[in-house]
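Under full-length UniProt numbering, think of the first position of the sequence shown as 1, with each following residue one higher.
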Amino acid sequence: MELRIFTEPQQGAHYDDLLRVAKASEDAGFGAFFRSDHYLKMGSVSGLPGPTDAWITLAGLARETSRIRLGTLVTAATFRHPSVLAISVAQVDQMSGGRIEFGLGSGWYADEHTAYGIDLPPVRELFDRYSEQLAVITGLWDTPEGGTFSFEGEHYTLKDAPGLPKPVQRPRPPVILGGTGKKRTPELAARYADEFNVPFNDIETARAQYERVDAAAEAAGRRPGDITRSAALVVAVGRDDAEAARRADAIGREVAELKTNGVAGTVSEAVDTIGRWRESTGITRLYLQVLDLSDLDHLDLIASEIMPQVS
């Protein structure tokens, strides 16, 4: 089991906060540092000082870290034109020396689209655009140097694009897709995903979705195990019950609720939860959503006490 750190900076974070957590994650031995791609806070937090752009952040972190892998869970397809996004991600992969992982989702948070004047189409069109974005981005990356890439879809048209720049990772950075859609999501994963993530759900829902993805992948001619299984869960762990409660309270949650919906409680309870997920779903990666970015001791505790027991 590989443990990764996942942050939600739209809830309130400077770039320096993210850099501090990314460096601490790298030093502690976590497999990756990921961030969300949102422009508007959620819930009752202030969101100050305001949003940071995911790919500008990752470009900075690419130059200020050296080993840890970096990525988004997940980039919103509604925010950027796919050709521009392909260039940005390839450049950041170069800047990192080949440490980028590319999560892409359709986009969903209506309030941030309204707030910033970004179009959020109806669901059917949203997924049509999402599908075309995946085809465009991977098509540009897969095009051999010296060749060109053309694409004619309902929403995007490219003619003789050079498919440059190339990412360091060939043919492309790992592609992460996710969600719980029962038909189109597994079909897209079967075509494009190197990893499939089920975020913030229960074991039964996750297991059923992984099975749908596996069935779609098999129908597409892929081998069992070609698509890595991962999940994302919020974390609040302590050396004792009081410390766990303090960490839960700091993010506005209750320990009892987090024990049901996340990874929470004492170290032994967290290890048991991760073990149940691994045994029941076959996941080999777990993204731990860290919401209190000031609590670096939390990362150290997970790395020193939990990681050795589950890795």
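A virtual CB, placed ideally from N, CA and C, is assigned to each residue, including glycine.
**Item:** Completely contained alpha helix (DSSP H) runs for the stretch 187-275, where each covers 4 or more residues
**Value:** 203-219, 241-250, 255-261
**Message:** Between the alpha carbons of K41 and L104, how many angstroms are there, rounded?
**Reply:** Residue 41 sits at position 41 when you count from the first residue of the sequence shown. Residue 104 sits at position 104 when you count from the first residue of the sequence shown. Going from the Cα of K41 to the Cα of L104 covers about 20 Å.
**Prompt:** Apart from the five residues just before and just after G282, which ones in its own chain have a Cβ nearer than 6 Å to its Cβ?
**Reply:** Sequence index remark: in the sequence shown, residue 282 carries index 282 (1-based). For G282, where only same-chain residues beyond five positions count, the Cβ hits under 6 Å are R229.
**Prompt:** Which residue comes first and which comes last in the alpha helix (DSSP H) that contains residue 345?
**Reply:** In the structure as shown, the chain begins at 1 and stops at 311. Residue 345 is therefore absent and cannot be evaluated.
**Burial state of E195 (16 or more Cβ within 10 Å)** = In the sequence shown, the residue the question calls residue 195 occupies position 195. The residue in question, E195, is buried, as its Cβ has 16 or more Cβ neighbours within 10 Å.
**Request:** Can you grab the Cα-Cα spacing for the pair S36 / T75, in whole Å?
**Result:** Taking the sequence shown and counting its residues from 1, the one referred to as residue 36 is at position 36. Taking the sequence shown and counting its residues from 1, the one referred to as residue 75 is at position 75. In a straight line, the C-alpha of S36 is about 7 Å away from that of T75.
**Prompt:** From what residue to what residue does the alpha helix (DSSP H) around Q309 run?
**Reply:** Walking along the sequence shown from the start, residue 309 turns up at place 309. It spans 307-310 - the alpha helix (DSSP H) in which Q309 sits, taken as one unbroken run.
**Inter-residue spacing [alpha-carbon to alpha-carbon] between D16 and G29** = Within the sequence shown, numbered from 1, the residue matching residue 16 stands at position 16. Within the sequence shown, numbered from 1, the residue matching residue 29 stands at position 29. Each residue's Cα considered, the two are about 20 Å apart.
**Prompt:** In chain order, what residues of the same chain have a beta carbon less than 6 Å from the beta carbon of R99, not counting five sequence neighbours either side?
**Reply:** Translated into the one-based positions of the sequence shown, residue 99 becomes position 99. Once the five neighbours on either side are set aside, the close Cβ partners of R99 are R69, L70.
**Message:** Counting C-beta neighbours from all protein chains within 10 Å, is the total for K182 16 or more, i.e. buried, or is it exposed?
**Reply:** Taking the first residue of the sequence shown as position 1, residue 182 is located at position 182. Flag for K182 reads exposed.
**Prompt:** What does F149 pair with, by DSSP beta-bridge criteria?
**Reply:** As a first step, residue 149 must be located in the sequence shown, where it is residue number 149. Answer by DSSP bridge pairing, in chain order: A161.
**Asked** Which one or two residues does DSSP pair with A22 in a beta bridge?
**Response** For the purposes of this step, residue 22 is identified with residue 22 of the sequence shown, where counting begins at 1. None; A22 has no bridge partner.
**Request:** Would you kindly work out how many angstroms separate the C-alpha atoms of D241 and E269, rounded to a whole number?
**Result:** In the sequence shown, counting from the first residue as 1, residue 241 sits at position 241. In the sequence shown, counting from the first residue as 1, residue 269 sits at position 269. Those two C-alpha atoms are separated by around 10 Å.
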